[in-house]
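Colleague: Before I ask anything, let me first share the structure, which is written out below as structure tokens.
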Amino acid sequence: MSDALPTESAKTRQMVVNGTTVPFADATVHLMSPAMRYGLNVFEGLRGYWNDDERQLYIFRLQEHLERFDQSIRLLRFKAEFRMDAIADATLGLLRADNHRANCHIRTTAYLDGIGEHHVTGPVSWMVYAGPRPRGKKVESGIAAHVSTWRRMSDNALPPRIKCGANYANARLARFQAQIDGYDDAIMLNDEGKVGEGPGACIFIVRKNKLITPSVTSGILESITRDTILTLAQDRGISIEERAVDRTELYASDEAFFAGSAAEVLPIISIDRLPVGSGAVGPVTSLLQKDYFDAVEGRGNLEKSWLTPVWNT
111 MSDALPTESA
121 KTRQMVVNGT
131 TVPFADATVH
141 LMSPAMRYGL
151 NVFEGLRGYW
161 NDDERQLYIF
171 RLQEHLERFD
181 QSIRLLRFKA
191 EFRMDAIADA
201 TLGLLRADNH
211 RANCHIRTTA
221 YLDGIGEHHV
231 TGPVSWMVYA
241 GPRPRGKKVE
251 SGIAAHVSTW
261 RRMSDNALPP
271 RIKCGANYAN
281 ARLARFQAQI
291 DGYDDAIMLN
301 DEGKVGEGPG
311 ACIFIVRKNK
321 LITPSVTSGI
331 LESITRDTIL
341 TLAQDRGISI
351 EERAVDRTEL
361 YASDEAFFAG
371 SAAEVLPIIS
381 IDRLPVGSGA
391 VGPVTSLLQK
401 DYFDAVEGRG
411 NLEKSWLTPV
421 WNT
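Right, here's the structure in full:
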């Protein structure tokens with residue numbers, strides 16, 4: 111579920127830094143920059159999906175990701191001098207330059223460059239990376255999760271609404287604990303003891319034929335994938351509740367899954383070693399997972415406005 115790491119093929123790839131295409135190995139930042147010293151960067155992780163029938167690569171919800179990217183830049187008080195359309199153009203140009211014709215991960219990052227303290231507002235640099243990203247192995251079988259002892263950060267401390275690199279130290283602690291204790295991933299509670307989200311994805315449960323997810327005021331990221339799932343569920347006529355969720359509702363649920371750009375739709379089949387429902391991937395999860403994959407890959411008539419084509423056809 112973590113962001114894709116560069117593979118060997120990345121050595122021959124390129125990145126865009128401040129609008130200039132550079133070799134992958136030359137995309138560097140100074141060790142004394144605020145980005146390195148204090149984790150002062152904001153980012154977006156996007157996905158590109160290859161549609162073999164149409165011979166087309168689609169970026170999923172590019173505009174919404176750039177709007178959230180811009181929001182994070184403003185909330186962290188970065189004084190950026192670039193526009194979001196420059197990021198969009200660079201993303202499309204990079205995918206074309208590297209001839210991407212398979213599923214891929216795209217990362218855009220804005221960071222405090224130069225040498226300075228944590229209170230500076232600039233200079234702000236930006237970069238775009240794209241690399242291959244196959245589908246996760248457990249998307250079909252599901253994962254075992256546990257409720258972490260590490261609490262999710264609150265909006266009044268380090269807002270999860272800001273997609274900032276520094277925030278992910280919190281997620282790192284929870285994920286490491288989960289894996290050390292023999293689970294695949296963690297579910298984090300918020301500062302009020304209610305269900306928040308996973309280290310890198312939002313969470314949904316199905317209970318009594320209702321799709322339930324924590325509200326965006328529950329100390330979670332304003333997830334674009336969450337919005338996607340809610341739209342797909344609404345189109346299916348599935349009853350939806352966005353609200354505070356108790357920990358015990360996780361154990362009483364019939365189905366559960368994580369959703370995120372990296373996780374996609376990832377079934378959770380046990381929580382704290384208690385089976386979720388039957389202990390297998392449930393029907394609502396399977397249905398929404400299929401709809402999600404159809405939407406991101408441009409199959410059928412599902413929300414074509416969410417797709418940005420890379421190749422001119």
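Residue numbers for the sequence shown follow this note's numbering, so the first one is 111 and each next one is one higher.
Here a beta-carbon is modelled for each residue, glycine too, at the ideal position from N, C-alpha and C.
None of these values were measured; they are calculated from a predicted model.
1) With DSSP as the reference, label Asn277 as helix, strand or coil.
2) Looking only at C-alpha atoms, which of Ile379, Val326, Asp382 sits nearest to Val355?
3) Thinking just about the alpha-carbon of each residue, which of Leu376, Lys318, Pro419 is nearest to the one in Gly308?
4) Please report the distance separating the alpha-carbon of Glu177 from that of Ser380.
5) Roughly how many whole angstroms lie between the Cα atoms of Arg333 and Leu268?
6) Would you report the Cα separation of Ser258 and Gly232, rounded to the nearest angstrom?
7) Start and end of the beta strand (DSSP E) containing Glu352?
8) When the Cα atoms are used, what is the spatial distance from Ala279 to Arg346?
9) Pull up the DSSP beta-bridge partners for Met237, would you.
10) What number of angstroms, rounded off, separates the C-alpha of Val420 from the C-alpha of Met194?
11) At which residues does the beta strand (DSSP E) containing His175 begin and terminate?
12) Which same chain residues, not among the five before or five after Phe179, have their C-beta less than 8 Å away from its C-beta?
13) Look up Asp295 in the DSSP assignment and say whether it is helix, strand or coil.
14) Take the Cβ of Ser182 as the centre, count every other Cβ of all protein chains shown within 10 Å, and call the residue buried at 16 or more, exposed below.
15) So is Ile339 buried or exposed if we call it buried at 16+ other beta carbons inside 10 Å?
16) Are three or more beta carbon pairs between the region 356-371 and the region 128-143 nearer than 8 Å?
Modeller: According to the structure data:
1) helix
2) Val326
3) Leu376
4) 35 Å
5) Contrary to the premise, residue 333 reads as Ser rather than Arg in this sequence. Roughly 17 Å separates the two Cα atoms.
6) 36 Å
7) 349-352
8) 37 Å
9) Val127, Thr219
10) 17 Å
11) Where His175 is concerned, there is no enclosing beta strand (DSSP E), although the alpha helix (DSSP H) it sits in stretches over 172-185.
12) Val152, Phe153, Glu154, Met194, Ile197, Thr218, Ala220, Lys273
13) strand
14) buried
15) buried
16) no
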